[in-house]
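Visitor: If you read the sequences in order, they're chains W and Z. Those letters in the first sequence? Residues 465 to 565, by my numbering. Those letters in the second sequence? Residues 125 to 788, by my numbering. Just dropping this structure here.
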Amino acid sequence: MEDDNDQTYVKLISAEGTELFLERRIALQVDTMRAMLEGNFRESEESVIRFPDISGSALEKVVKYLHYKDRHSNSATRIPEFAIDPEEALELLVAASYLNC
Amino acid sequence: MSSITTMATKRSRRSQNNAEDLPENFDGNEQDVSHTDVSAAAAPGGESNDEDDGERSGDNPVRFMRQRNRAVAEREASRLARPDAPLGSMMLGHASKAKSAVMSTPFGQLMGRKASTKREDNISQEWCGPFSVARQMIAAREEARRLREEQQDLENNKEHHPLDEAMEIVNLEMQRKENPSMNWVSRHKREDGSTTTNYYAKRRKRFHRQRDLMGGSSRVPSLFQLCINLLVENFDCIESLGVVDHSIRRALCETLVARGKMNGAAFDVLAEMGVETLELVDCAQVTQDQFCDSLRVLLPSGLRAILLKHCGRCFGSQAVNVIASIDRENMELFAISLGGAYLLKDSDMAALIESTSRTLSSLDLTACPLLSEQFCNAIGNQYSSSIEDPPNAPLLELSIEDVPLTKEVMLSLGAASDALRNLKSLKLKTMENVDDEVVSIILGSITGGEIEGIDLSNNPSLTDETLSSIRRCNFNGNLRALLLSGLKNLTAIGIEAFFTPIPNFPAPPILRKLDLSQCSYDEINDTVLTLAATSSSFKRASANAIEEETVLHNAGKLASEVSYTGGLVHLNVSGSSISDKSMEILAATSSYSLEELDISFCPNVSDKGLGYLVSKVKPQLSKIFMWGCAQITEEFLDGHDRIEDGGLEIIGVWMKKSGVRSLR
C-alpha cells in the first residue's frame, strides 16, 4: 500500500520533482539509501529521499534495476539481460556511482 | 618342455626376420625356466599373435614391430621397474645389463654396471635424468623416516615413572593458564555420523555461505558495471564524457584496457580538457604524438596529477619537452607517477623535475631503466632549501622501484643536499644496490622528522643496521607504516632490539601497518611479534626500558595496561614461524584496531589460536589471508565466532576470489 505511515514504502524525489515509490526493504539493499534511512536524518523519519542530482528518467531506470536485481538474486535460473538505452547510459552511470549499486 | 621348444622356434623365427640383436645364451638354467614360465604365462596372447604373425608378417610390418617391441618390454619390464632391487634375484641370464639390448629407458640412460655393487649408496650413479632425482629424494626421505622411527622407538622404551601421568596433567593445566587460546572451543559440531570427508563439497558450502553473507549475489551484475560495460562496448560513439568523477573515468579506463579497446580515440575521450587527474592503467596503445597533443591541452587547464602505467611508448623526450614548455606559473602538477617509461632518458627526467619542481610534491617511478645520476642531481638541486626565490614545493613522497641506480648515485641523493628533509613517505623497493649505507645516508637526510611510511621491500642486501637507521630517523615518533617484506638478512635479535626501548635512543615506533612477510622463517618468531605488537599499542612512545620488561611477557596482565586507541591495523607476517602465542598477544594488544591479518604459509598457527583471536578481536577485523595453511581445518573455518555476521572475509582457503563468479 502507499501508506507512508506504514513504512513499507519510501518515496524518492528526483531533480525535476517527480516522485517514485520503492519498497523499503529493497531500498535498504542500496548502501547510500540505507545510510540515509537508518541514520538520524530527516529522510528516515519521513521516509522520503531527495536526489537533486538525478533526473526523473534516470531515477526511474534505477528503480527498475533494483526490482530486477531483487527478482533475480538467489535465483538458480538463467538471468535475463537488463536492457539499457545507450543514450541514458552515461547519466545512469553517474547515478549508479553515487548510489553505489 | 614343449613350451620351451615352442619358444625357441619363435625366437629363431623372429631372429631370422629381423636384425635385432637377441641375446644368445638361452640355456637351460633355472632362471630361464622361471622366465619361460613367466613369459609363457604372460604372453599367451603374444604367442598366438606370433603364430598369426608368422604368416602375415610380411604383409604387416607395423604390427610386427609392435609385437616385437612388446616382447622386449615384457622381457625387460620387471628389471626396469625396480632399478635398485638386488640384481642377483632379478637378473636373468639373457636379461643382464651387459647383454641387454636396451640401453636407454624412459627413466634415463643406463650408465654402467659398476654401481650395482654399491647400490645402496650410489643410486645417483646408476641413472641420470629428472626422474632419478625424484627417486633419490624419495630414497633419502624414506631413510630419514626410518631413522626417525628408530629413535622414536628408543625413546618410547624408556622407563615409565608411575607419576609421569600426573606430571603431564599438571603441565597441561599450567599451559592452559598461560595460553588461554588452548581453551577455545569451536562452535562447529563434528558430526560423527558423516562418513564422507568430501573436501570439495565442504569448501563449496563454505564459499557459498561466505558469498551470500557478504551481500553477494554475485550473479546479478551491479548497475555500475552494466553501464560501464555498455559504454565500453560503444565507446567509439562517445564524443565526450563531460563532467564525470575521476573514479568513473578510471573504471572506464580499466575496462577499456581489459577489453583491449584502449586506442587513440578512446584516449582522447578520457583525456579531455579540464580533467584534473590523468590516470591510465595501460598506455601501450597510445602514441607519443597523441599523448603530447593531449598534454598541451590539459596542462594549462589545470592538470594536477599524471598517473601512468606501462607508459613506455608515450612518455619520452617529446612529452617532457611539452611539459617543459609550459609556463611555470601555469603549472599545477603536484604528482607524477610513471611506470615502465623505458624511453625516458636521464637528462629528460632531470628537465622534467626542473620544470615542475615549483609544485611537484610526489614522485613515483617504477621500472624506468635509463635513470641515473642526472635524475638524482636534479632532485638534490631543485628541492634543496637553498632555493628561496621562488620557493619550490617540498618533496613529500618519493618512491623508486626497480630502477638501476648505482650506489654512488644513491649516496649522492641523500648526501648532496637536504632535498629529502620534508619527506613523509619513502619507498625504495627491489633495487639491488640499496644496502645499509645507502639507507643510512638517505634516512639520515630526512631531518624534518615527518616521515610516516617507509617501504624497503625486496632489497636483498639490507641487514639489521637498517633497523637502527630507521629508528634514528624516527625521532619525532611519526612513523606509522613499515614494510620490510622479503629482507632475508634480518635477524630476530635485530628486530627485537628495534622494538625495545633503549636509553639515549629514539623510542621504538608506534606502528599501524607492519609487513614482515617473506623474511627468514625462523627469525620472525613469537618474541618478535610480541614486541612489535606491544610497542605499537602504547599510547606514547615510552623510553623507559625497565618497566616494559615485566609487562611484556604476560598476555593477561598486558590487556589491562594497553590503551584502547593503539594497536596494529594491518599486519603481514606470512612465511614466518609464529604460533598461537602470537595470536594471543595480538588479541591482547590490537583487539580494537586490527583490520587485516596475513598469516599465509605459517604452519605453526592452529585452529585454536585463530579461533581465540577472532573471538577476542572486535568486528573491525575484516580480512584474514591464509594461503597455504593446510593445518586450519573446519574446526575454525566452520566454527569461528563470526560465522553468522558475514563481515569477516577469509581468503586463501578456497581457490576462488570471494565474491566473484568463477570460470567453470
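Yeah, the Cβ is synthetic: ideal placement off N, Cα and C, and Gly gets one too. Everything numeric in this text was worked out from a predicted model, so none of it was measured.
Serine 592(Z) and isoleucine 634(Z): beta carbons closer than 7 Å?
Guide: No; because the gap between Cβ atoms is not below 7 Å, this pair is not in contact.
Visitor: What residue range does the beta strand (DSSP E) around glycine 577(Z) cover?
Guide: Per DSSP, glycine 577(Z) belongs to the beta strand (DSSP E) from 577 to 579.
Visitor: Note down the Cα distance separating cysteine 753(Z) from phenylalanine 725(Z), rounded to an integer number of angstroms.
Guide: Rounded to the nearest angstrom, the two C-alpha atoms are 6 Å apart.
Visitor: Starting from serine 486(Z) and walking both ways along the alpha helix (DSSP H), at which residues does that stretch end?
Guide: No alpha helix (DSSP H) holds serine 486(Z); the beta strand (DSSP E) holding it covers 486 to 490.
Visitor: Measuring alpha carbon to alpha carbon, tell me which residue in Cys438(Z), Leu745(Z), Leu695(Z) is nearest aspartate 722(Z).
Guide: It is Leu695(Z).
Visitor: Is DSSP giving threonine 496(W) helix, strand or coil here?
Guide: It is helical.
Visitor: Could you work out which residues of chain Z lie near isoleucine 548(W), taking near to mean beta carbons separated by less than 8 Å?
Guide: Under the 8 Å cutoff, chain Z gives Leu350, Cys351, Leu354.
Visitor: Quick test of your reading: threonine 571(Z) and arginine 596(Z), contact by CB under 8 Å. State the CB separation rounded to the nearest angstrom.
Guide: About 11 Å separates the two Cβ atoms, so there is no contact after all.
Visitor: If distances are taken between C-alpha atoms only, which option among Asn538(W), Arg498(W), Asp517(W) comes closest to serine 508(W)?
Guide: Cα-wise, what sits closest to serine 508(W) is Arg498(W).
Visitor: Examine chain W for any beta-carbon lying closer than 7 Å to the beta-carbon of leucine 772(Z), and answer yes or no.
Guide: Output row for leucine 772(Z): interface = no.
Visitor: Can you find a C-beta in chain W that's less than 7 Å from the C-beta of asparagine 445(Z)?
Guide: By this cut-off, asparagine 445(Z) is not an interface position.
Visitor: Quick check on threonine 379(Z): does DSSP put it in helix, strand or coil?
Guide: Reduced to three states, the DSSP call for threonine 379(Z) is helix.
Visitor: Tell me glutamate 525(Z)'s beta-bridge partners as DSSP assigns them.
Guide: Beta-bridge pairing links glutamate 525(Z) to Thr490(Z), Lys553(Z).
Visitor: Going along chain W, which residues have a C-beta under 7 Å from asparagine 358(Z)?
Guide: Simply Pro550.
Visitor: Within 7 Å (strictly less), CB to CB, does histidine 536(W) reach chain Z?
Guide: True, the Cβ-Cβ gap to chain Z drops below 7 Å.
Visitor: Rank Leu431(Z), Met534(Z), Val421(Z) by C-alpha distance to the C-alpha of aspartate 560(Z) and give the top, closest one.
Guide: If we check each option's Cα against that of aspartate 560(Z), Met534(Z) comes out closest.
Visitor: So what's lysine 637(Z) in DSSP terms, helix, strand or just coil?
Guide: It is a strand residue.
Visitor: Is leucine 522(Z) close to chain W? Criterion is C-beta to C-beta, closer than 7 Å.
Guide: False, the Cβ-Cβ gap to chain W never drops below 7 Å.
Visitor: Listed in chain order, which residues of the region 368 to 386 of chain Z have Cβ atoms closer than 7 Å to some Cβ of chain W?
Guide: Under the 7 Å Cβ criterion, the region 368 to 386 of chain Z contributes Val368, Asp369, Ser371, Ile372.
Visitor: Are alanine 475(Z) and valine 446(Z) closer than 7 Å when you measure CB to CB?
Guide: Contact flag unset, no.
Visitor: Under 7 Å between C-beta atoms, does leucine 347(Z) make it to chain W?
Guide: It does; some Cβ of chain W falls within 7 Å.
Visitor: Counting contacts by CB-CB distance shorter than 7 Å, is leucine 556(W) in contact with chain Z?
Guide: So yes, leucine 556(W) belongs to the interface.
Visitor: Can you tell me whether cysteine 361(Z) is buried or exposed? The criterion is at least 16 other CB atoms within 10 Å of its CB, across all chains shown.
Guide: Exposed is the call here.
Visitor: Where do the N-terminal and C-terminal ends of the beta strand (DSSP E) with asparagine 696(Z) fall, by residue?
Guide: Segment 694 to 696, the beta strand (DSSP E) holding asparagine 696(Z).
Visitor: Can you look up isoleucine 775(Z) in the DSSP assignment and give me helix, strand or coil?
Guide: Of the three classes helix, strand and coil, the one that applies to isoleucine 775(Z) here is strand, per DSSP.
Visitor: Consult DSSP for valine 512(W) and reduce its assignment to one of helix, strand or coil.
Guide: Here valine 512(W) sits in strand by DSSP.
Visitor: Would cysteine 500(Z) and serine 536(Z) be called neighbours here (beta carbons separated by less than 7 Å)?
Guide: Cβ atoms of cysteine 500(Z) and serine 536(Z): closer than 7 Å.
Visitor: Give a yes or no on whether the C-beta atoms belonging to glutamine 412(Z) and cysteine 438(Z) are separated by under 7 Å.
Guide: Contact flag set, yes.
Visitor: Is valine 474(W) helix, strand or coil when you go by DSSP?
Guide: Looking at valine 474(W) - three-state DSSP - the assignment turns out to be strand.
Visitor: State yes or no: is the beta carbon of alanine 521(W) nearer than 7 Å to at least one beta carbon in chain Z?
Guide: Residue identity differs from the one stated: residue 521(W) is serine in this sequence, not alanine. No, serine 521(W) does not count as interfacial toward chain Z.
Visitor: In the DSSP assignment, what residue or residues form a beta bridge with leucine 804(Z)?
Guide: Residue 804(Z) lies beyond the residue range present for chain Z, which begins at 125 and ends at 788; the question has no answer from this structure.
Visitor: Touch check for the region 741 to 749 of chain Z and the region 294 to 314 of chain Z: three-plus C-beta pairs under 8 Å?
Guide: No, the region 741 to 749 of chain Z is not in contact with the region 294 to 314 of chain Z.
Visitor: From phenylalanine 359(Z) to glutamine 349(Z), what does the alpha carbon distance come to, in whole angstroms?
Guide: Computed Cα separation, rounded: 15 Å.
Visitor: Bridge partners of lysine 329(Z), per DSSP?
Guide: DSSP output for lysine 329(Z) lists no bridge partner at all.
Visitor: Please compile the residues from chain Z whose C-beta is within a distance smaller than 7 Å of the C-beta of lysine 533(W).
Guide: Under the 7 Å cutoff, chain Z gives Val344.
Visitor: Buried or exposed: tryptophan 308(Z), going by 16 or more other Cβ atoms within 10 Å of its Cβ?
Guide: Buried is the call here.
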